[in-house]
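So the protein lines, in turn, are chains A and B.
Mind the numbering: the first sequence is residues 1 to 172 in the working numbering, read in order.
Mind the numbering: the second sequence is residues 1 to 296 in the working numbering, read in order.
Written below as C-alpha cells is the structure these notes are about.
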Amino acid sequence: MKEINLEKMFLEAYTQYSSKIYKHIFFRVNNSQTAQDLTSETFLKTWRYLREGNKIENIKNFIYRVAHNLIVDHYKNNSRHKEVSIEDLTEEPATDSSDFLESFHLSFECEYVLKIIPTLPEAYRQIITYRYIDELNVLEIKKITGYSLANIYTLTHRALKMLKEKIHQDEH
Amino acid sequence: MNINLKNIFKQIRQAPLAEPYLKTLKNDLSNYIKENPPVLNKEIKYNFATKLRLAPVYISIFIFLIVSGGLTAFSQTSLPGDILYPIKLASENIPLILANPETKTKIHLALAQKRINEMQRTSNNQNLDIAFLNLDEHLNMAKGKISDISLNQKLSNIDNQYRQINKQIAANTTKNINPSVAASPPALSVDIKTTGNKKKKESLEQPIPSISAAPSLPPFKICDQKLCGKIQCLFPNTESEGWYQIYEKEQNLIVLNPCSLCEIKCDSINTKSEGWYSFCPNENVKLIKYDLCSTP
Numbered sequence: 001m002k003e004i005n006l007e008k009m010f011l012e013a014y015t016q017y018s019s020k021i022y023k024h025i026f027f028r029v030n031n032s033q034t035a036q037d038l039t040s041e042t043f044l045k046t047w048r049y050l051r052e053g054n055k056i057e058n059i060k061n062f063i064y065r066v067a068h069n070l071i072v073d074h075y076k077n078n079s080r081h082k083e084v085s086i087e088d089l090t091e092e093p094a095t096d097s098s099d100f101l102e103s104f105h106l107s108f109e110c111e112y113v114l115k116i117i118p119t120l121p122e123a124y125r126q127i128i129t130y131r132y133i134d135e136l137n138v139l140e141i142k143k144i145t146g147y148s149l150a151n152i153y154t155l156t157h158r159a160l161k162m163l164k165e166k167i168h169q170d171e172h
Numbered sequence: 001m002n003i004n005l006k007n008i009f010k011q012i013r014q015a016p017l018a019e020p021y022l023k024t025l026k027n028d029l030s031n032y033i034k035e036n037p038p039v040l041n042k043e044i045k046y047n048f049a050t051k052l053r054l055a056p057v058y059i060s061i062f063i064f065l066i067v068s069g070g071l072t073a074f075s076q077t078s079l080p081g082d083i084l085y086p087i088k089l090a091s092e093n094i095p096l097i098l099a100n101p102e103t104k105t106k107i108h109l110a111l112a113q114k115r116i117n118e119m120q121r122t123s124n125n126q127n128l129d130i131a132f133l134n135l136d137e138h139l140n141m142a143k144g145k146i147s148d149i150s151l152n153q154k155l156s157n158i159d160n161q162y163r164q165i166n167k168q169i170a171a172n173t174t175k176n177i178n179p180s181v182a183a184s185p186p187a188l189s190v191d192i193k194t195t196g197n198k199k200k201k202e203s204l205e206q207p208i209p210s211i212s213a214a215p216s217l218p219p220f221k222i223c224d225q226k227l228c229g230k231i232q233c234l235f236p237n238t239e240s241e242g243w244y245q246i247y248e249k250e251q252n253l254i255v256l257n258p259c260s261l262c263e264i265k266c267d268s269i270n271t272k273s274e275g276w277y278s279f280c281p282n283e284n285v286k287l288i289k290y291d292l293c294s295t296p
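What follows is the structure, given as C-alpha cells:
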C-alpha cells in the first residue's frame, strides 16, 4: 500500500515538474541532449532517494536541488575534460540549441532573446531561469541555491540589466 | 525593435519543449520503479560515505580512549595530593567490579597495603585525606569477610601499619602547631617519675612522641578498659583540639575539629555504617570513623 502511494506520488511529481525541470536544465546548459540526460538523472536520483525510505518535505524544492547539483557537477566535469560529443565523432549534424528552438515555432522575438540568454554569464543565466522561466520566488531560490536574499536580488537586477543591454546593442 | 521581456518569458514558459521525450522518459521511469520498488525496511549500508560521516565520532572515541588511557597510566605513579591521584583511585575500582567475593577481599587488602605504602612515601601529611578515606573503605570491606588465616595475618599487619602512620601524623601535626610545646620535656614521664614506681617507669619511659608532643595532657594516664579503643575529644580550646582514638599507650588523631561541645556515640550498630558519630549542637550528625564499635 505504502509502495503504491510512493510510486503514485513520484509519478505525479514527474508530471507536474518534468517539463519545468527540463526547461530549467536546457536554459542552464544550452544543449538539448545534455538537458535530456540530466533530466532523467534528476528523476532517477529522486526515486532512489525515496525508495530507501527517506522523507522529502518539499518535493519541488528537492527536485530543483538535485537538478542544480547535477548542473554544477556537469560544469565541473566539463572544465576538467573537454567534452567530445557522439555527434562530433559520427559526423552527424549537431543538435544546436538554435535548431532545437526553431522546432517549437516560437515567435521571432522569443527566439531572438533565447539566443542572447546563453551569452550571459552562468550566474546570470541561472538566476533568470529560476526567476522568469521557473517562476520560483526568492525564498525557494534561496533554499535551492543557498544564496542570500540580498545576493539573489542583486544578481536578478544585474542579469536583467545585462540582458537588456545586449538586446539594445544587437539592435544597433 | 521594442521587446517586452515579460511576454517573452511567458511564451517560453508555455512552449511545449521536448514533450515526446518527456513521455518516453515517464514510461522508462515507470519501468525502473517496477524493477526497483521501495525498500520496506531501510537497510543501513555501511559504505564509504557512511563511514566518512561517522568519522568524527570514531575520532572522538579514539582521542577519548587515548587521553583516558594515558591519564590512567600516568596516574599509577601519583601520590596523595597529586592531581592525578583521584584518577588512580577510580581506576583501581575497575577490577573489583568483575572479581568474585574471595578475590575481592584479596584486592581490598592489596589496595589497603598500597595506600599504606603511599602514605609512607608522602612527605606532606595534609593531603592524606583521600588516601585515608580510601584505606578505611578497603579495610572495612575486607574485615569480616576473611576466612583464610594468612589473609587475616595480612589484615592485622596492615592495621598495625595504619596505626603507626596515624601516630606519626598526630605527632607531626602537633609539632607543626606548637613547636615550643613539642620541644618541652614529656609531661607524662615527669608524672611517672614522681610516683616512684620503678616498673611502671621503665615501661613508660620509652619515647611516646604523640603524647609528649601534646600541648596539654588528657586527664588520664593509662586508659582503662572503659576508654580503650574509644574516641574522645582531646585538647579542647587549643589548636590540637580534635577527635582522638585512645589506646593503652597512645592516642591517635582521627580528625582535627572543634569538639569540646560535642558528644560522640557509637551509632548505626549492626549496619554497614556502624561507627563513631559526633553529635554537636546546631550541627548535623557527622561520621568520625567507621568502626565495629558495638563489639567490646
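All residues carry an ideal CB built from backbone N, CA and C; glycine is no exception.
Judged by DSSP in its simplified three-state form, Q251 of chain B adopts strand. Following the DSSP letters along the chain, one finds I141 of chain A inside the alpha helix (DSSP H) bounded by residues 138-145. Under the Cβ distance rule, F26 of chain A counts among the residues neighbouring chain B, one pair being separated by less than 8 Å.
Exposed is the label assigned to E52 of chain A, since fewer than 16 other Cβ atoms lie within 10 Å of its Cβ. Contact between T119 of chain A and L25 of chain B is ruled out by a C-beta separation of about 29 Å, above the 8 Å threshold.
According to DSSP, E263 of chain B shares a beta bridge with B:F279. At a cut-off of 8 Å between C-beta atoms, L22 of chain B counts as an interface residue with respect to chain A. The C-beta of E118 of chain B has 16 or more other C-beta atoms within 10 Å across all chains shown, which makes the residue buried. By the Cβ test, the segment 27-38 of chain B is in contact with the segment 49-68 of chain A, since at least three Cβ pairs between them sit closer than 8 Å.
When Cβ-Cβ separations below 8 Å define contact, L6 of chain A makes contact with chain B. For Y147 of chain A, there are no CB contacts under 6 Å within the same chain when 5 residues up- and downstream are skipped. As computed with DSSP, Q169 of chain A is found in no beta bridge at all.
In this structure G70 of chain B is exposed. Its beta-carbon is surrounded by fewer than 16 other beta-carbon atoms within 10 angstroms.
K23 of chain A sits in a helix when the DSSP states are folded into three classes. The beta-carbon of V113 of chain A is placed less than 8 Å from the nearest beta-carbon of chain B. The way I'd put it, the segment 254-265 of chain B doesn't touch the segment 107-116 of chain B; fewer than three beta-carbon pairs between them come closer than 8 Å. Looking at the DSSP output, G70 of chain B bridges to nothing. Rounded to the nearest whole angstrom, the C-alpha separation of L139 of chain B and D129 of chain B is 15 Å.
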